[in-house]
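Student: In the numbering used here, the protein residues as written are 219 to 488. Where a beta carbon is used, it is the ideal one built from N, C-alpha and C, also for glycine. In this text, all values refer to a predicted model and were calculated from it rather than measured experimentally.
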Amino acid sequence: MSGEIRLARAALHMWEEPCISGVNGSGAVFFSGCPLRCVYCQNHSIALGNIGKAVTLDRLVDIFFELKEKGAHNINLVTPTHYVPQLAEALLLARDSGLQLPIVYNTSSYENVETLKQLDGLIDIYLPDFKYYSSELADRYSHAPDYPQVATAAIHEMLRQTGKPVFEGDMMRRGVIVRHLVLPGHTKESMAVVSHLLQEYGNDIYVSIMNQYTPMESLEGYPELKRRVTDREYNKVIDFALEAGLENGFIQEGDTAKESFIPDFSYEGV
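(1) Look up residue 280 in the DSSP assignment and say whether it is helix, strand or coil.
(2) Which residues in the same chain have their Cβ closer than 7 Å to the Cβ of residue 273, if we skip the five residues on either side of it in sequence?
(3) Name the two residues that bound the continuous beta strand (DSSP E) containing residue 229.
(4) To which residues does DSSP link residue 389 through a beta bridge?
(5) With a threshold of 7 Å (Cβ to nearest heavy atom), would residue 321 be considered close to the ligand FMN?
(6) Out of 401, 403, 372 and 431, point me to the one whose CA is closest to residue 415's CA.
(7) Quick check on DSSP: helix, strand or coil for residue 264?
(8) Kindly list the residues whose CB is nearer than 7 Å to the CB of residue 370, restricted to its own chain and excluding five residues on each side of it in sequence; keep chain order.
(9) By the three-class DSSP mapping on this structure, what secondary structure does residue 290 have?
(10) For the alpha helix (DSSP H) containing residue 376, name the first residue and the last one.
(11) Between the Cα of residue 438 and those of 424, 323, 253 and 257, spot the shortest distance and give me the residue it belongs to.
(12) Quick check: the region 443 to 460 against the region 393 to 408, are at least 3 beta-carbon pairs closer than 8 Å?
(13) Starting from residue 325, trace the beta strand (DSSP E) both ways and give me its first and last residue.
(14) Please go through the same chain and pick out, in chain order, the residues whose beta-carbon is closer than 6 Å to the beta-carbon of residue 232, but skip the five residues on each side of it.
(15) To which residues of the same chain is residue 467 closer than 8 Å at the C-beta, ignoring the five residues directly before and after it?
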């Protein structure tokens with residue numbers, strides 16, 4: 219199959235949800251490029267596709283097995299949307315070669331449903347974002363006014379593929395965990411997101427509400443984003459989620475808004 223695959227990092231990653239990272243870490247494979255252009259992107263160095271090493275399908279499969287040998291609980295594909303045709307082929311090759319680890323698809327949710335259907339039967343766990351309920355904010359911060367509609371349809375397809383969450387001990391084996399990053403000054407937006415997720419998917423998904431927003435240097439024109447989320451803002455969203463009936467969820471505690479939590483994209487493991 220034509221078309222190169224560009225990777226920025228392949229290594230054990232300890233900072234996903236506990237049921238994904240576990241004790242040993244998730245085998246995170248970071249793909250170069252992203253369908254969105256979020257002004258506050260924490261992985262901007264690879265999101266634009268400027269950083270990355272080209273690899274073959276065979277090399278990608280080898281990377282999966284190398285991560286398995288390092289003790290990874292799963293293979294975690296980070297922003298792979300634009301490589302889905304090649305990725306589907308690589309996953310089939312890996313399965314035929316004996317790979318049995320759960321496959322995690324880690325995405326912005328700015329996905330075409332028909333693209334996701336190419337992965338039906340190949341992905342065990344979907345780890346999508348739901349960034350915005352408001353088209354206006356989606357346009358201002360990610361230049362994608364149709365994001366709420368696109369993401370809603372995409373997550374429905376993900377849930378259709380995986381079904382309700384399945385756990386083996388403390389580790390997720392199948393299911394969907396939807397992530398939402400609380401932005402400074404936008405608690406009402408986060409509440410609207412939580413309400414929307416509960417209305418659309420009920421408790422058939424897990425919802426991970428994150429406080430790790432880290433202001434980056436390239437935020438000229440967005441003064442409201444040049445600070446971290448306060449504890450009061452974050453707790454307000456969490457309290458709302460619990461009162462709204464959220465049963466399956468993850469919250470973050472402590473100071474997660476640090477650049478040290480952002481991976482070093484130095485081609486490790488590639």
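Tutor: In brief:
(1) helix
(2) 223, 225 and 488
(3) 223 to 231
(4) 386
(5) As presented, the structure is devoid of all ligands, the ligand FMN included, so that no description of it is given.
(6) 372
(7) helix
(8) 418
(9) coil
(10) 365 to 380
(11) 257
(12) yes
(13) 321 to 325
(14) 239 and 243
(15) 424, 425, 426, 427 and 459
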